[in-house]
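Enquirer: Sending over a structure as C-alpha cells; questions will come in a sec.
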Amino acid sequence: MTSLLTIADDRTTATFDPETGGLLALDGPNTGLAPLAGGRPSLFAVEIPRGGDRTVVIETAAQTLTHVEREGDAAMRLVWRDPVTSAGERLTGKILVCARVHDGALRLSLSFRLNEGGVEAVRFPSLGGIRPVEGALELRGVDYSTGTRVSLLPVFDSNAPYWGTTFPDYASGNLRPELVGTPTSPFVVVAGETGGLTVQPATRTLDFIGWRASLVPGFDDSLRRTAADDAAVTLDAIHFPPGDNNGATLPEMAVVPYAGPWANGLAAYLPTQEPTRRSAVPWMREPRSWLQVQLMSTEGEPRYDFDALVDIIEECAREGIGAIQIVGWNEGGQDGLVPQHRPAEKLGGEEGLRRALARARELDVAAILYVKYVWVEKPGPLWAELEPFVSRDVNGQPYAQPGPVYHSSRKRYGIATPWYVPLCFGVEALRRRFADEVAEMAAWGADGILADESLYHGRALLCFADDHGHPVGASAFTWDDAFVEDIRAGLGERADTFVIAAEGAYDDQFAHYDVSYFRSASPTHRPLGRQLRPDARIVTALTGFDDRSMIAQCVLYGYAMSLEPYNFKGRPGDMPATVALARQADALRDRHRDVLWNGRLVVDHDVVAHRPDGAVHDLLTVWEGADGARAVVAASYDDEPLSLHLTGLGAAETDGLDGRRTRTADGRIDVPARGVTVVIPLSDPIGTL
C-alpha cells in the first residue's frame, strides 16, 4: 500500500490520497468536524463541456496522480497529466496544485492548461464529506453588512432549483448573486458547535468566487428538510477563469481550521482586509442624524419641489438633523431614466436646486445627492449612447433585469417596468464621464453623493465584452475601487470635503467610500459588517414613528441614524417622537464623542452581561477611543425595563438618552424598555483582556 501524502506544521496536518491526489483529511484544532471526504477524495472539479454535454467535468476522484514534488514537510506540488473527463475522454494537458500548510492554514493554488480548451468553471477547493462529529452545522458569511446564517445539518436550508441540481444545495441566485460569493462575502465559515473551517481567498481578490454547499446524498425527510445520519456536506468555491478557456491560474485559497465559537473563524480573514477609509470631512466627526427625502419617484409625481426642499432643510436645522440625503431630484425621479442626473425642471431646475443647496450650507445641514450609476435604462434617453458600455454575457447579449417597482399598480405587478442593464465600470471613458458629473454636483453646492446599489452589478458577475479594454470574462467587481477614486480625483480641491457614500458597501469598498448606508431593522440583525469594520461610518434607516428599538440599535452598533418617515416620503414633522429620541441619542454620543462616535468597536473584550434569569444578554458592545478610554453599551428591545449584571466591570457611571447619570459599583445596571444605557468607567479600564 502506498503511504498517504501529508504536509503539516505545528498546528495543522493535511492528508492527501496518493492514488488520486484528493484531500482526505484536515486535522487541526478541535474543530468538532469528522475527517473530510468520507472515504472519497475530493479537491477540484473542472467544468469542461464536451460534445454538446455541458455537465462534463474533470473530477479529482477519477484521476490518477502523475507526479508529486515535495518541498519540505509543509508543502508539495501535485501534477495530473492528460486528465480523464466524466465522459471517458482523455484530454491533453495538465493540472497543477500547489499545497502548503502555513500558520495553521492549508493554502491551495491551482493552475491548468488543457489543449482542447473550453473550461467554463473550476470548483476549487471542492471539500466533500463535511459533517460534525455531533450537533449542528451551519454556513456563515456576510451580506449587506449583516451576518448570514444557513443551516446545513441536520436541517439543510436548500435554495436550489431542484430541477437543475442533483443534490439539495445552497448557493447564490441570479438576481442577487453576491449573497454567497466574493467579493461581497469574501469568506465563508462552515461552523460546527465546537469549531469549523474558514474558506477564503488567501489574499484579497476582486475575482468573483461563488460559494455553494450541497447535501450529499440528499434529504432523508424532504418535508422537514432533514438529512440522514450518514449525510455530509460538500463545499465548493467556484471560480470563473477569464481569457481563452485553455488555461488559467486561480487565486490561492485558504482552508483554515478553528476551534470554539463560529466568530473565531473570522481570525483568518481579518488580516487580509484593506484599511478602512476615514474621511477627512470635518462634519462627519460630529454625531449627526440624517434625513432621507424623496422629492419625486420614477412615476413623475412632484411630491416636493426645490422650494419645498428649502423648507425641509430649514426644518432639519430646527430639529437638530445635520445631514439630508436628497432623492429623486433629477429628471425621471428616483431610479428613473438612469443614469441621468440633471435637475428636474418640474421641480425648479438647476437654479432651484442650487438655491436649496445654498440654504443647506447656510444652516450647516450637509446635503447629499442620491445618484445611481450602476445601470442604464432600456428604453431610456441614454440607452443609445451608453449601450456600447453595458456588461455583456457570454453570448454577447446585455445582462438585464426588471427595473424597480413604484407606486402605480402597473409597476407593482411588473407590467410597466423598464429594463435595467448594468454598465461596465471597466470602461475608463465611462468612469471619467461619471466623475465629471459628480464634480458638477459639487459645483452646484452639494456636500456629497450617495451611490445607490453600488454593492452589486445585478446579473453581471462577469463581462464578456471584447471591446471594453479588459480581459473577456473579467469580474464585474474589478473596477469598483477605480470608480470611486476617479470621482475623488475629479473633485480636485473638493476631494477632502466632499462625501462619497455607498449603499451597503461590501468589505473592499470600505477602503474607498467615506460612508455606507444600509437597512438593519430586524431583531435578528447580526452586525457582522460592524465587527469586520470596527471604525467605519455606517448609516442605517429608521422608518418607525416611535423607533426606540432602532435608536437603541444605532447607539449599540455605532450607526448614524437616517430618519425616513413614510419610507422617506415624509419630513421631520411627520415623526416627532422618533426625531426627539434621535436628538437625545446624538446628544448622548456627543457627550462621549471620542469613544462612541470617533472610536472603534472592541471585538475581543471580556465583558459579559447576564439577565435576571442568568442567561447571557447579547445586545452589548464595548467601544474604545484613540486614547484607550472605553465604554460599554447595553441595549434592549424588550417592552419592559431590564436589569443586567455585567462581569469585568468596576466602579462606573451610567448615562442614557435622558442624560441622567447614575453611579454603579457592583456591575448592576438598568436598561430602559426598548432603550439603551452607556456605562463609563470611573477608574479601571473596561473589558481589558
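Position 237, counted from 1, in the sequence shown is what numbering that gives the first Met the number 0 calls 236; the numbers after and before it change by one each time, with no gaps.
Each residue gets a CB set at the ideal place from its N, CA and C atoms; glycine is no exception.
1) Using the rule of at least 16 other Cβ atoms within 10 Å of the residue's Cβ for burial, across every protein chain shown, is Asp-229 buried or exposed?
2) Considering only their Cβ atoms, is the gap separating Phe-305 from Arg-354 smaller than 8 Å?
3) Is it buried or exposed, Ser-221, if we count other Cβ atoms within 10 angstroms and call 16 or more buried?
4) Quick one: Cα of Leu-461 to Cα of His-469, how far?
5) Between Gly-503 and the rest of its own chain, which residues show a CB-CB distance below 7 Å, the 5 nearest in sequence each way excluded?
6) Rounded C-beta distance between Thr-297 and Gly-332? I'm assuming under 8 Å.
7) Just curious, the alpha helix (DSSP H) that Phe-692 is in, first and last residue?
8) For Trp-443 and chain C, any beta-carbon pair shorter than 8 Å?
9) Tell me the DSSP secondary structure of Leu-95 in three-state form.
10) Is Trp-162 buried or exposed, if buried means 16 or more other CB atoms sit within 10 Å of its CB?
11) Ala-399 and Trp-418 - do their beta-carbons sit closer together than 8 Å?
12) Buried or exposed for Asp-485, going by 16 or more other Cβ atoms inside 10 Å?
13) Would you decide whether Ile-414 is buried or exposed? Buried here means 16 or more other CB atoms lie within 10 Å of its CB.
14) Give me whichever residues DSSP pairs with Trp-79 in a beta bridge.
15) Does the pairing of the region 56-68 with the region 147-166 give three or more beta-carbon distances under 8 Å?
16) What are the residues that DSSP puts in a beta bridge with Phe-517?
17) Between the alpha carbons of Val-141 and Leu-196, how many angstroms are there, rounded?
18) In chain order, which beta strand (DSSP E) runs of at least 3 residues are fully inside the region 256-305?
19) Would you call the CB atoms of Asp-334 and Pro-378 closer than 8 Å?
20) Helix, strand or coil: which one does DSSP assign to Lys-568?
21) Looking at the structure shown, is Pro-176 part of a helix, part of a strand, or coil, going by DSSP?
22) Cβ atoms of Pro-28 and Ala-258: under 8 Å apart, would you say?
23) Give the DSSP-derived three-state secondary structure of Pro-401 in the structure shown.
24) With 16 as the cutoff for other CB atoms within 10 Å, does Ala-576 come out buried or exposed?
25) List the endpoints of the continuous alpha helix (DSSP H) containing Glu-436.
26) Under 8 Å, do Ile-325 and Leu-294 count as touching if we go by C-beta distance?
27) Going by CA-CA distance only, name the one from Ile-499, Ala-579, Pro-611, Asp-310 that's closest to Pro-640.
28) Straight-line CA distance for Arg-112 to Pro-153?
29) If you follow the beta strand (DSSP E) that Arg-148 is in, where does it begin and where does it stop?
30) Hey, out of Pro-250, Val-632, Leu-32, whose CA is closest to Arg-106's CA?
31) Considering only C-alpha positions, which residue in the set Thr-542, Arg-10, Pro-17, Ala-510 is nearest to Ser-519?
32) Note the first and the last residue of the continuous alpha helix (DSSP H) segment covering Gly-666.
33) Please classify Glu-344 as buried or exposed, where buried requires at least 16 neighbouring CB atoms within 10 angstroms.
34) What's the C-alpha gap between Pro-176 and Gln-552?
35) Over what stretch of residues does the alpha helix (DSSP H) that includes Thr-59 continue unbroken?
36) State yes or no: is the C-beta of Gly-491 within less than 8 Å of the C-beta of Ala-434?
Expert: Straight from the coordinates:
1) exposed
2) yes
3) exposed
4) 11 Å
5) Tyr-143, Ser-144, Leu-454, Ser-515, Phe-517
6) 5 Å
7) Because the chain is modelled from 0 through 688, residue 692 falls outside the range shown and cannot be assessed.
8) Given the protein chain composition of this structure (a single chain), no chain C is represented.
9) strand
10) exposed
11) yes
12) buried
13) exposed
14) Ile-94
15) no
16) Thr-539
17) 16 Å
18) 288-293
19) no
20) coil
21) For Pro-176, the predicted structure reports a pLDDT of 43, less than 50, and the residue's modelled location is therefore unreliable. The matter cannot be settled from this model.
22) yes
23) strand
24) exposed
25) 427-443
26) yes
27) Pro-611
28) 40 Å
29) 145-152
30) Pro-250
31) Thr-542
32) Element bounds for Gly-666: n/a, residue is neither H nor E.
33) exposed
34) Note that Pro-176 scores 43 on pLDDT, short of 50, meaning its location in the model is unreliable and no value can be drawn from it.
35) Here Thr-59 belongs to no alpha helix (DSSP H), and DSSP marks it neither H nor E.
36) no
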